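Residue numbers (the UniProt record's numbering): 1 to 747.
Have a look at the structure below before the remarks.
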Amino acid sequence: MPSKGKRLFDPAPMQRLVVVGLGLIGASFAKGVKQTGYFSEVLGVDLNQNSCRLAEQLAIVDQAGDSLEVCRTADVIVLAVPILAMEKTLQQLHQLELQQVIVTDVGSSKTQLRQAVLEIFGEVPPEFVFGHPIAGSEKSGVTAANAELFAQHKVILSPEPNTQAQALACVKQLWELLGAEVEFMDVEYHDQVLAATSHLPHLLAFGLVDSLAKRNENLEIFRYAAGGFRDFTRIAASDPVMWHDIFLANSEAVLAQLDAFTHDLQQLRTAVAEHDGHYLLGVFTRAKMAREHFSKILARRAYVDTMQNHDLKFIANPGGHVQGTIRVPGDKSISHRSIMLGSLAEGKTEIEGFLEGEDALATIQAFRDMGVVIEGPQEGRVVVHGVGLHGLKPAPGPIYVGNSGTTMRLLSGLLAAQPFDSTLTGDASLSKRPMNRIAKPLREMGAVIETAAEGRPPLTIRGGQKLTGMHYQMPMASAQVKSCILLAGLYAGGETSVEEPAPTRDHTERMLSGFGYPVEVHGAISKVESGHKLTGTKIEVPSDISSAAFFMVAACIAPNSEVVLEHVGINPTRTGVIDILRLMGADLSLERVHEVGGELVADIRVRSSQLKGIEIPSDLVPLAIDEFPVLFIAAACAEGKTVLRDAEELRVKESDRIQVMADGLATLGVKTEVLPDGIVIEGGQPMGGGEVWAHGDHRIAMSFSVAALRASQPIIIHDAIHVATSFPDFLQLCEKVGMHVSEEHSL
Ligand code: S3P
1 MPSKGKRLFD PAPMQRLVVV GLGLIGASFA KGVKQTGYFS EVLGVDLNQN
51 SCRLAEQLAI VDQAGDSLEV CRTADVIVLA VPILAMEKTL QQLHQLELQQ
101 VIVTDVGSSK TQLRQAVLEI FGEVPPEFVF GHPIAGSEKS GVTAANAELF
151 AQHKVILSPE PNTQAQALAC VKQLWELLGA EVEFMDVEYH DQVLAATSHL
201 PHLLAFGLVD SLAKRNENLE IFRYAAGGFR DFTRIAASDP VMWHDIFLAN
251 SEAVLAQLDA FTHDLQQLRT AVAEHDGHYL LGVFTRAKMA REHFSKILAR
301 RAYVDTMQNH DLKFIANPGG HVQGTIRVPG DKSISHRSIM LGSLAEGKTE
351 IEGFLEGEDA LATIQAFRDM GVVIEGPQEG RVVVHGVGLH GLKPAPGPIY
401 VGNSGTTMRL LSGLLAAQPF DSTLTGDASL SKRPMNRIAK PLREMGAVIE
451 TAAEGRPPLT IRGGQKLTGM HYQMPMASAQ VKSCILLAGL YAGGETSVEE
501 PAPTRDHTER MLSGFGYPVE VHGAISKVES GHKLTGTKIE VPSDISSAAF
551 FMVAACIAPN SEVVLEHVGI NPTRTGVIDI LRLMGADLSL ERVHEVGGEL
601 VADIRVRSSQ LKGIEIPSDL VPLAIDEFPV LFIAAACAEG KTVLRDAEEL
651 RVKESDRIQV MADGLATLGV KTEVLPDGIV IEGGQPMGGG EVWAHGDHRI
701 AMSFSVAALR ASQPIIIHDA IHVATSFPDF LQLCEKVGMH VSEEHSL
């Protein structure tokens, strides 16, 4: 193992692998690698003769014995002995004076092991790669060996600054051969993460089972223990000796986690003792959300996907008719605002029809982080226990709002006026979007906000500033900017008014009134003054016209089609899509128009029609701002040319929607001319299929799904992961009305 005579890692198959320690992990590794045929020979070493015999019999290794001498001829050695036996094994290896051998381990804690390596070898040899597969089973021993144990599991490698690149590449490749996903982490961080996510839960499971068992010697109580007990304590059946080793080896990191947890447990105890239901509800609702987020990661790997470049593809098959009556999910803009204003209100706010999409969930999480107790969402029902305008608490860390521009921009207005500092961060797409449009006017009101270069997120907002009301003339038609300033205005001295260059969605103004907060709207100017309060209320969120728009266009362009979209919000600041489709000749009618909680709703019936190209009137642009991607598909299917101008805002949405749509349309054979502030689309030509890229933009992915109705070949839509931000059940509804869109995950 000393570093002299280094040789390059040869990616070609190697001669000899020696696995030291034939327990579950060592034997599973040996068995898996042996099956790949990567090494000419796989040898095992174990002090237990019986394990050696079984390993040979079960073809886990070619040969096994109790002497480390075989390591002299190894290319790679994997140390899979119990953690507390590691030091002795390392000493014996040192005595063998091995050279040029790659050594790795599988131990679940690392700091102590690293210390032992340093003491024995004087350094961490460059060919030594610390490793830890995050996989296991309640079964133990060589007979439990499972060649698939590591497939789709993570393996953490902890290279040192001097680790030889070839050794690292070799160990990484071996794990990948077994189907594992390799990640890198330094030794200390590894131990902290594992102490929190693995060691502490094991300690609690062992501890709880023992605590109950010793109080009930005949174990009678377990007869009444159903699923909850079984689920919580499954891991208490793990190997006691191994876990005893782990706690002794990783005691420092475990103690830190245990102390933090003991403190939290004590607070729960106090809450139970004092009948503090509010506290309990806060803990349980936050935990439920976190657990569901975690289940989603496991189930569909969505969050990991975006971080690790996994692709979620939509495959939209050509043709079809669109028929049926559907209800699309709740309005995104109204859902966000219901949580924000509900949190700032005094008393309870009960919400129905809430959008359970990732953007709106990010807003819930943000307010939970700031101490607001929020129940749900469950089947669209949410209960917000408002804390009043001055009741928010500092979040424990940066507030992560995912893909949601609305959350980041509206929250900034609120946070600028709080007594505490906050940081807002988002995903890769949001981190590219402009925030100066809110930072600049907020600074004029006295806010202190730092942004990353060119006004991009993250935003750091300093608390304790005294804001002053102002009149702000918005340079762009943006409801997010308007709402941000109005929310800051709830706290700013005097009056705050915003003047918009063209009408934009007015949900903030309507909802503030619904919460009893006075708002004046005169033409293009909306005005609030501080010093009033919001009172909890009931909110019914209508279906989102922006989501309905996909099916409106689908029914227009597909032959022999008719859909009814139920209970859609038709607030006049949102109905540009209806007006534009009608100008294009769509057969579209509104039925059962009525008002719900200050917002107009209707059922929208749409039938197939031959659309024609138009010049889109500029005054309709802000009223249809989110619907242009799918309107471009309508334009591609219309007879003649469609011209859109005055729509430069489309370039700073979740993607540059003008360019990204033009690129995709070009793939389908549709001619377009891209303008700085819009696009010209030559409609009416036959559409082909092909591969298009949504660039992580939900509305682009859904628009090309609709396009397939008129395409001659399938359309493969890459990077569709964010559809769940606004429309979690899009694919199910597509299926319901007869569109053939499916999803496919790939690396
Ligand atoms: C929204 C306003 C619009 C819209 C976004 C939601 C809102 O953004 O595109 O999806 O809820 O206020 P801009 O304010 O940037 O136009």
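Even glycine gets a Cβ: it sits at the ideal position worked out from N, Cα and C.
These figures come from a predicted structure and were not determined experimentally.
Problem set entry | residue 626 CB to nearest heavy atom of ligand 1 below 8 Å | yes
Exercise. How big is the Cα-Cα spacing for residue 194 and residue 246?
Worked result: When rounded, the separation of the alpha-carbon atoms in residue 194 and residue 246 is 10 Å.
For this session: Give the DSSP-derived three-state secondary structure of residue 619 in the structure shown.
Result: helix
Problem set entry | Between the CA atoms of residue 719 and residue 300 - distance to the nearest angstrom | Confidence in residue 300 is poor, its pLDDT being 44 and thus under 50, which makes the residue's placement unreliable; the coordinate value appears in the next sentence. Using only the alpha carbons, I get a separation of about 14 Å.
Exercise. Residues in its own chain within less than 7 Å of residue 473 by CB, not counting five upstream and five downstream?
Worked result: 499
Exercise. Can residue 504 be considered in contact with ligand 1, in the sense that its beta carbon sits closer than 8 Å to one or more heavy atoms?
Worked result: yes
Problem set entry | residue 389 vs residue 344 beta-carbon contact at 9 Å | Taking 9 Å as the Cβ cut-off, residue 389 and residue 344 qualify as a contacting pair.
For this session: Give the DSSP-derived three-state secondary structure of residue 328 in the structure shown.
Result: coil
Problem set entry | Range of the contiguous beta strand (DSSP E) that encloses residue 15 | 14 to 20
For this session: State yes or no: is the C-beta of residue 405 nearer than 8 Å to some heavy atom of ligand 1?
Result: Yes.
Problem set entry | Unbroken alpha helix (DSSP H) run spanning residue 665, endpoints | 657 to 667
Problem set entry | Exposure of residue 466, with buried meaning 16 or more beta-carbon neighbours within 10 Å | exposed
Exercise. What's the C-alpha gap between residue 693 and residue 314?
Worked result: 10 Å
Exercise. Along the chain, where does the beta strand (DSSP E) that runs through residue 460 open and close?
Worked result: 456 to 462
For this session: Can you tell me which of 654, 688, 677 and 337 puts its alpha carbon nearest to the alpha carbon of residue 701?
Result: 654
Problem set entry | Boundaries of the alpha helix (DSSP H) in which residue 714 is found, first to last residue | Neither: residue 714 is in no alpha helix (DSSP H) and is coded neither H nor E.
Exercise. Helix, strand or coil: which one does DSSP assign to residue 731?
Worked result: helix
For this session: Take the Cβ of residue 294 as the centre, count every other Cβ of all protein chains shown within 10 Å, and call the residue buried at 16 or more, exposed below.
Result: With fewer than 16 other Cβ atoms within 10 Å, it is exposed.
Exercise. How many angstroms separate the CA atom of residue 729 from the CA atom of residue 332?
Worked result: Between the alpha carbons of residue 729 and residue 332 lies a gap of roughly 14 Å.
Exercise. Is residue 759 buried or exposed, if buried means 16 or more other CB atoms sit within 10 Å of its CB?
Worked result: Outside the displayed range of the chain (1 to 747) lies residue 759, so it cannot be described from this structure.
Exercise. So is residue 542 buried or exposed if we call it buried at 16+ other beta carbons inside 10 Å?
Worked result: Buried, by the Cβ-count rule.
For this session: For residue 410, verify whether its CB is less than 8 Å away from any heavy atom of ligand 1.
Result: yes
Exercise. When the Cβ atoms of the segment 138 to 156 are set against those of the segment 15 to 34, are three or more pairs found closer than 8 Å?
Worked result: yes
Exercise. Is it buried or exposed for residue 129, if we count other Cβ within 10 angstroms and need 16 for buried?
Worked result: Its Cβ being crowded by 16 or more others within 10 Å, residue 129 is buried.
Problem set entry | Span of the alpha helix (DSSP H), counted from its first residue to its last, around residue 628 | 628 to 637 is the extent of the alpha helix (DSSP H) around residue 628.
Problem set entry | Nearest-angstrom Cα separation, counted from residue 71 out to residue 44 | 10 Å
Exercise. Measuring CB to CB, does residue 553 end up less than 9 Å from residue 581?
Worked result: yes
Problem set entry | Three-state class that DSSP yields for residue 561 in the structure shown | coil
Exercise. Is there at least one non-hydrogen atom of ligand 1 closer than 8 Å to the beta-carbon of residue 398?
Worked result: no
Exercise. Can residue 751 be considered in contact with ligand 1, in the sense that its beta carbon sits closer than 8 Å to one or more heavy atoms?
Worked result: As shown, the chain starts at 1 and ends at 747. That puts residue 751 outside it, with no answer to give.
Exercise. What is the C-beta distance between residue 711 and residue 689, in whole angstroms, given that I count them as a contact (C-beta under 8 Å)?
Worked result: 5 Å
Exercise. Thinking C-alpha only, which one of 348, 678, 243 and 180 is nearest residue 138?
Worked result: 243
Exercise. Just to check, is the beta-carbon of residue 736 closer than 8 Å to a non-hydrogen atom of ligand 1?
Worked result: no
For this session: Determine the direct distance from the alpha carbon of residue 284 to that of residue 754, and round the result to whole angstroms.
Result: The question about residue 754 has no answer, for the chain in this structure spans 1 to 747.
Exercise. Distance, Cα to Cα, residue 341 vs residue 385?
Worked result: 11 Å
Problem set entry | Other residues of its chain near residue 372: CB distance less than 6 Å, five sequence neighbours each side excluded | 343 and 387
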